[in-house]
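The sequence shown begins at 243 in the numbering used here and counts up one residue at a time.
Quick notes on the structure that follows.
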Amino acid sequence: MKRIIIGALFCVMAISASAQIMRAEELEKYAVEKYGEKWTDAAMNLGKEIALDKNNSLSYAQVIDCANQDKEHLYIALNYWFTATFNDADAVIQLNDKESGVIIAKGFIPGIASHAGGMNSYLISIRPIIRVDIKDSKIRVTYTIQNYDVDKYIGGGVMGAMGGTRPVKSVEKWAIEKCFPFQEKDQYKAKKSSSKALVMAHAYSNVVIDKIEEAVKNGLVGNENDNW
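What follows is the structure in structure tokens.
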């Protein structure tokens with residue numbers, strides 16, 4: 243029974259991810275289609291392609307060409323998108339500077355990965371920092387994840403549930419550089435969880451950048467133009 247309850251808890255939390263961009267189950271489907279369903283293999287392959295930044299954070303940057311759109315127009319489109327997307331207690335805009343052309347927001351994606359091991363179970367969330375720098379005719383999107391936020395349930399794994407152990411929750415922050423595949427021997431002894439977290443975090447970066455590009459080129463809802 244405890245095993246079933248823990249599994250149900252993971253499912254409920256996983257589908258509570260921000261619906262403004264993409265729900266967790268949709269993101270997982272996207273990640274599987276793009277990288278395969280074997281999370282450890284996918285993480286190992288990604289580890290060969292990406293490197294952590296100087297702060298040991300997972301970071302991506304992409305310049306998007308927005309020809310024929312000035313800074314003012316781009317700011318309005320992006321401000322609209324950020325305001326609609328980051329609008330609750332967990333997902334918030336941290337800086338919105340029109341004059342400098344910078345918008346920074348912190349997102350929150352709960353339950354991006356979960357795993358029930360032998361003795362313990364894990365629920366991993368991420369808080370990506372999304373920054374957009376705006377100039378005439380182009381923007382630069384920077385997506386950064388500093389660490390994984392982890393709810394660790396000690397005694398909440400398969401063996402713990404079979405033995406009747408009552409899980410004890412421990413809230414942790416896992417340093418990405420100490421997780422697989424950046425460390426062959428995952429320091430947190432949760433290789434499968436770390437693998438899925440990396441793949442899902444990487445997939446989410448693709449989704450966010452695509453959404454921002456769509457917003458500046460075609461609008462948030464598709465009818466933001468002067469023909470009215």
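Glycine residues also receive a C-beta, built at the ideal position from the N, C-alpha and C atoms.
Item	Value
Looking only at C-alpha atoms, which of Ile396, Phe424, Tyr395, Ile371 sits nearest to Tyr385?	Ile371
Report the option in Ile418, Arg373, Lys453, Ala284 whose CA atom is closest to the CA atom of Ala293.	Ile418
Applying the 10 Å Cβ sphere with the 16-neighbour rule, what's the burial state of Glu270?	buried
In this structure, does DSSP put Glu414 in helix, strand or coil?	strand
Can you have a look at Val441 and say buried or exposed, based on whether 16 or more other CB atoms are within 10 angstroms of its CB?	buried
Kindly indicate which three-state DSSP category Asn348 falls into: helix, strand or coil?	The sequence given here has Lys at residue 348, not Asn. In this structure, Lys348 counts as strand in the three-state DSSP scheme.
Comparing C-alpha positions only, which one of Leu337, Asp375, Ser367, Asn362 sits nearest to Gly476?	With the chain running from 243 to 470 in the structure shown, residue 476 is simply not present.
Could you tell me the boundaries of the beta strand (DSSP E) in which Lys394 lies?	389-396
According to the neighbour-count rule (16 or more other Cβ atoms, all chains shown, within 10 Å of its Cβ), is Val458 buried or exposed?	buried
Classify Gln336 as buried or exposed, calling it buried when 16 or more other Cβ atoms lie within 10 Å of its own Cβ.	exposed
Given a cut-off of 8 Å on the beta-carbon distance, is the pair Ser367 and Asp330 in contact?	no
Helix, strand or coil for Cys253, going by three-state DSSP, please let me know.	Confidence at Cys253 is low in this model, with a pLDDT of 42, below 50, so the placement of that residue should be treated as unreliable; the coordinate-derived value is given next. Helix, per DSSP.
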